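Trainee:
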Amino acid sequence: MRILNLDDFSRIINGDVLFDNWSRDIYSVDASNYIIKPELIMCPRDRYDVENLCKYCFDKNISLTPRGAGTGLLGQSLSNNIVVDFTKYMNKILEIDSDYTIVEPGVVKGVLDKELKKKGKFLPPDPASSNYCTVGGMIANNSSGAHSLGYGSTIDFLQEVGIVYYDGTFSQINEKSYAFDPLMIKLFKLLSPYLDIIQNQYPKVTKNSCGYRLDALFSKNKFSPQKIFASSEGTLGLVTSSKMKIMDIPLYRHLLLLSFNNIFSAILQLPLILKFSPTAVELLDHTVISNINKNSINDPLENFGCLLFVEFAEDKSGYIDKKVKLFKEKLIDKCNILESVSDEKSISQIWASRKGALNNVMKISDGSRKPIGLIEDTVVGNESLYDYVRFMIQSFADNDLEYVIYGHAGDGNLHVRPIIDTNSESQVKLMNSLAEQIFKKVIKLGGTITGEHGDGLARVNYIPLMYGDKLYSIFEQVKSLLDPTLILNPGKKIIKS
Ligand SMILES: Cc1cc2nc3c(=O)[nH]c(=O)nc-3n(C[C@H](O)[C@H](O)[C@H](O)COP(=O)(O)OP(=O)(O)OC[C@H]3O[C@@H](n4cnc5c(N)ncnc54)[C@H](O)[C@@H]3O)c2cc1C
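In the numbering used here, the protein residues as written are 741 to 1237.
#1: I'd like to confirm something about Cys-873: is its beta-carbon nearer than 7 Å to some heavy atom of ligand 2, or not?
#2: By DSSP, does Thr-975 sit in helix, in strand, or in coil?
#3: Using a Cβ-Cβ cut-off of 8 Å (strictly less than) and excluding sequence neighbours within five positions of Gly-860, which residues of its own chain qualify?
#4: For the putative contact between Gln-939 and Lys-1232, defined by C-beta atoms under 8 Å, what is the C-beta separation to the nearest angstrom?
#5: In whole angstroms, give me the CA-to-CA distance for Leu-813 and Gly-877.
#6: Count the other C-beta atoms from every protein chain shown that fall within 10 angstroms of the C-beta of Gly-1058, then say buried if there are 16 or more, exposed otherwise.
#7: Is the separation between the beta-carbon of Leu-1047 and that of Leu-1008 shorter than 8 Å?
#8: Is Gly-1231 near ligand 1, in the sense that its beta carbon is under 7 Å from a heavy atom of that ligand?
#9: So, are the CB atoms of Ile-1189 and Cys-873 less than 8 Å apart?
#10: Any idea what DSSP makes of Tyr-923, helix, strand or coil?
#11: First and last residue of the alpha helix (DSSP H) that includes Ala-1006?
#12: Need the endpoints of the beta strand (DSSP E) that Tyr-1146 sits in, please.
#13: Please return the same chain residues whose Cβ sits closer than 6 Å to the Cβ of Leu-991, not counting the five positions on each side in sequence.
#14: So the candidates are Lys-1103, Ile-879 and Asn-820; which of them puts its Cα closest to the Cα of Glu-844?
#15: What is the residue span of the beta strand (DSSP E) that Val-757 lies within?
#16: Enumerate, from N- to C-terminal direction, the unbroken beta strand (DSSP E) stretches of 3 or more residues contained entirely within the stretch 1063 to 1111.
#17: Exposed or buried, which one is Ser-1088 when buried takes at least 16 other CB atoms within 10 Å?
#18: So the alpha helix (DSSP H) Cys-794 belongs to, where does it begin and stop?
#19: In the DSSP output, which residue or residues are listed as bridge partners for Lys-694?
#20: Taking Gln-1177 as the reference, give the member of Tyr-1128, Lys-1070 and Ser-772 with the closest Cα.
#21: To the nearest angstrom, how far is the alpha carbon of Asp-1138 from that of Val-1120?
#22: Go through its chain and collect everything with a Cβ distance to Phe-1215's Cβ below 6 Å, but skip five positions before and after it.
#23: From this set, Ile-776, Glu-779 and Leu-804, which residue's C-alpha is nearest Asn-1229's C-alpha?
#24: Regarding Gln-816 and ligand 1, is the C-beta to nearest heavy atom distance less than 7 Å?
#25: When DSSP labels each residue in this structure, what does Leu-1041 get in the three-state scheme?
#26: Does the distance between the C-beta of Phe-897 and the nearest non-hydrogen atom of ligand 1 fall short of 7 Å?
#27: Give a single yes or no on whether Ser-869 has its beta carbon closer than 7 Å to a heavy atom of ligand 1.
#28: DSSP three-state label for Met-1206, please.
#29: For Leu-1098 and Tyr-905, what's the separation of their Cα atoms in angstroms?
#30: When every heavy atom of ligand 1 is checked, does at least one fall within less than 7 Å of the C-beta of Ser-763?
#31: Thr-975 to Tyr-934, Cα distance in whole Å?
#32: Excluding the 5 residues preceding and the 5 following Gly-734 in the sequence, name in chain order all residues of the same chain whose CB lies nearer than 8 Å to its CB.
#33: Determine the contact status of Leu-1023 and Tyr-1146, defining contact as a CB-CB distance below 8 Å.
#34: Under the three-state reduction of DSSP, which class applies to Val-823: helix, strand or coil?
#35: Exposed or buried, which one is Arg-807 when buried takes at least 16 other CB atoms within 10 Å?
#36: Would you say Met-878 touches ligand 1, meaning its beta carbon is less than 7 Å from a heavy atom?
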């Protein structure tokens, strides 16, 4: 490990430089199982600090890993070199207009939500970690959440980014301004010959955070280069600001809580449920339900096999009432309707039990036996979900493994964690071979291995399996163009970096 010159860093940035053991320990973990201790941590005060830092690190060939709140689940923000923390100073909301907001990357999503709400607006992607995670982290992971079914993922809202490139050059990138950015023009030229493969070889699912999202750059007959930074995990540039599309908060919402005998009877009703265009359809299976804090919702839930949370949103009250009435008529003999509420207080209370799912899942941990997030957040089309879940549950049964399943059933995006003894070499081996087996099944069904949590360290090796050699070699060319000396978040997205 190189000896970093601390005096240099204190001179080139106005923000903080942390290198004490305590800070290095704090930044050595995120929400994954990895522990990697950084050499030092920088908290830039502004874009100019980030420019100076990148320029210095490029000259000295030192690597940099940007970091938001560290809630990434796959080790994305960990590094043994320099970690750049955007939360301390670069956390401001710069502008809120009628249909967009401009923010610094370190702003916490929950803080932004509160400010937008005062103006009757919202930024729809809603990770369950919203009270902690930052917009910068959401962009880099292409995060979403319960309402991506109705509104889309972070990538769909990204209109412009302020980026500091590997060598300290700054660029403001949107669908028009890229024409003045030599690197973005080179990117366009690099990708143009591959349009066919880019348009045809990505999975046709509603959400995807695997690899680089080149498909999103060419949708709707436009070139949208700012979207290359969504889902890039800080490997192509450091985001110093972003302009995000925002929407009007719908005037009326209605939330139904449905219970089914088991996960299969719930999945079988999904096609019917989706015909009603809900904004969210979320699932908790019995393994999660039995761990829910029973105070967060009125009724004890442990007797139910599987729950679906189905939300509708409209701006016309008569319309939503009619829709809910018809929905109930169609579903009444297929499940139990436990709750049907339209007031904000009840809606938030019921959603709280869904939002706390991962925290409850983590409480299942017993010493080295833990629910491990490698399979984590695959997506398959709804027509394949039943077959896929059968295959997966059978694989766990064949290997005597307990598991948890919950998540965004409406998008075919399930969070799946087998419970593994991390001290047992054979169980860890089994976990890896099961993941590969399940990923192969997902790919065969036309899905993606990650819908929102990203690749990080845990899944970078599966990216070539997901996309094939040709597309993966294009990813490598993109990385070489935007980070030729591989100093930006090495080991993420591109294996050899
Ligand atoms: C309890 C829990 C629930 C969760 N629920 C959801 C969910 O419902 N939906 C979902 O999508 N995710 C969820 N997540 C995962 C995680 O919270 C999200 O991916 C989140 O958006 C990460 O944000 P962060 O600020 O913590 O980013 P970090 O974890 O700090 O970083 C994530 C990535 O962003 C990069 N990055 C950060 N800032 C910048 C920047 N300025 N420029 C370039 N790159 C940058 C980092 O290098 C890293 O690669 C959950 C996590 C937990 C712990």
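A virtual CB, placed ideally from N, CA and C, is assigned to each residue, including glycine.
Quick caveat: nothing in here was measured; it's all calculated off a predicted structure.
Mentor: Well, looking at it:
#1: Ligands in the displayed structure: ligand 1; ligand 2 is not one of them.
#2: As a first step, residue 975 is located in the sequence shown; it is residue number 235 there, counting from the start. In the structure shown, Thr-975 sits in coil (DSSP, three-state: anything other than H, G, I, E or B).
#3: By 1-based counting over the sequence shown, the position of residue 860 is 120. If we look at Gly-860 and ignore the five residues flanking it on each side, its Cβ neighbours are Asp-988 and Ile-989.
#4: Locating residue 939 in the sequence shown gives position 199, counting from the first residue. Locating residue 1232 in the sequence shown gives position 492, counting from the first residue. At roughly 25 Å, the Cβ-Cβ gap does not stay under 8 Å, so Gln-939 and Lys-1232 are not in contact.
#5: Position 73 of the sequence shown, counting from 1, holds the residue named residue 813. Position 137 of the sequence shown, counting from 1, holds the residue named residue 877. Between Leu-813 and Gly-877, the C-alpha separation is close to 11 Å.
#6: As a first step, residue 1058 must be located in the sequence shown, where it is residue number 318. Gly-1058 is exposed by the Cβ-count criterion.
#7: Here residue 1047 is taken as the residue at index 307 of the sequence shown, counted from 1. Here residue 1008 is taken as the residue at index 268 of the sequence shown, counted from 1. No; because the gap between Cβ atoms is not below 8 Å, this pair is not in contact.
#8: As a working mapping, residue 1231 is identified with position 491 in the sequence shown. Outside the cutoff, so no.
#9: Residue mapping note: residue 1189 aligns to position 449 of the sequence shown, counting from 1. Residue mapping note: residue 873 aligns to position 133 of the sequence shown, counting from 1. Contact flag unset, no.
#10: Residue 923 sits at position 183 when you count from the first residue of the sequence shown. Sequence check: residue 923 is Leu here, not Tyr. Helix.
#11: Here residue 1006 refers to the residue found at position 266 when the sequence shown is read from its first residue. Taken as a continuous stretch (DSSP letters only), the alpha helix (DSSP H) holding Ala-1006 covers 1003 to 1008.
#12: As a working note, residue 1146 is residue 406 in the sequence shown. Where Tyr-1146 is concerned, the enclosing beta strand (DSSP E) stretches over 1143 to 1148.
#13: Within the sequence shown, the letter at position 251 stands for residue 991. Closer than 6 Å at the Cβ level, and outside the excluded window around Leu-991, lie Asp-1055.
#14: Taking the first residue of the sequence shown as position 1, residue 844 is located at position 104. The candidate whose alpha carbon is nearest that of Glu-844 is Ile-879.
#15: Numbered from 1 along the sequence shown, position 17 holds the residue referred to as residue 757. From DSSP, the beta strand (DSSP E) with Val-757 extends over 756 to 758.
#16: 1076 to 1081 and 1109 to 1111
#17: For the purposes of this step, residue 1088 is taken as residue 348 along the sequence shown, with counting starting at 1. Exposed, since its Cβ has fewer than 16 Cβ neighbours within 10 Å.
#18: Residue numbering aside, residue 794 sits at position 54 when the sequence shown is read from its first letter. From DSSP, the alpha helix (DSSP H) with Cys-794 extends over 787 to 800.
#19: With the chain covering only 741 through 1237, there is no way to say anything about residue 694.
#20: To locate residue 1177, count along the sequence shown from 1; it is residue 437. Of the listed residues, the one whose Cα sits closest to Gln-1177 is Tyr-1128.
#21: In the sequence shown, counting from the first residue as 1, residue 1138 sits at position 398. In the sequence shown, counting from the first residue as 1, residue 1120 sits at position 380. One C-alpha to the other measures close to 22 Å.
#22: The residue given as residue 1215 occupies position 475 in the sequence shown. The answer, listed in chain order, is Gly-951 and Tyr-952.
#23: Mapped onto the sequence shown, residue 1229 falls at position 489. Nearest of Ile-776, Glu-779 and Leu-804 to Asn-1229, Cα basis: Leu-804.
#24: Here residue 816 refers to the residue found at position 76 when the sequence shown is read from its first residue. Gln-816 Cβ: within cutoff of ligand 1.
#25: Translated into the one-based positions of the sequence shown, residue 1041 becomes position 301. With a pLDDT of 47 at Leu-1041, under the threshold of 50, the predicted position of this residue should be treated as unreliable, and no value is reported.
#26: What you label residue 897 is simply residue 157 of the sequence shown in a count that begins at 1. No, Cβ of Phe-897 sits at least 7 Å from all heavy atoms of ligand 1.
#27: Your numbering for residue 869 matches position 129 in the sequence shown. Checking every heavy atom of ligand 1 against the Cβ of Ser-869, one is found closer than 7 Å.
#28: Here residue 1206 refers to the residue found at position 466 of the sequence shown. The answer is helix: DSSP assigns Met-1206 an H, G or I state.
#29: For this step, residue 1098 is matched to residue 358 along the sequence shown. For this step, residue 905 is matched to residue 165 along the sequence shown. Taking the straight line joining both Cα atoms gives about 35 Å.
#30: As a position in the sequence shown, residue 763 is number 23, starting the count at 1. Outside the cutoff, so no.
#31: Counting from one through the sequence shown, the residue named residue 975 turns up at place 235. Counting from one through the sequence shown, the residue named residue 934 turns up at place 194. Their Cα atoms are separated by approximately 21 Å.
#32: Nothing about residue 734 can be reported from this structure: the residues present for the chain run from 741 to 1237 only.
#33: By 1-based counting over the sequence shown, the position of residue 1023 is 283. By 1-based counting over the sequence shown, the position of residue 1146 is 406. Yes, they are a contact pair.
#34: Here residue 823 refers to the residue found at position 83 of the sequence shown. In this structure, Val-823 counts as strand in the three-state DSSP scheme.
#35: As a position in the sequence shown, residue 807 is number 67, starting the count at 1. When all chains shown are included, Arg-807 counts as buried.
#36: For the purposes of this step, residue 878 is identified with residue 138 of the sequence shown, where counting begins at 1. The answer is yes for Met-878.
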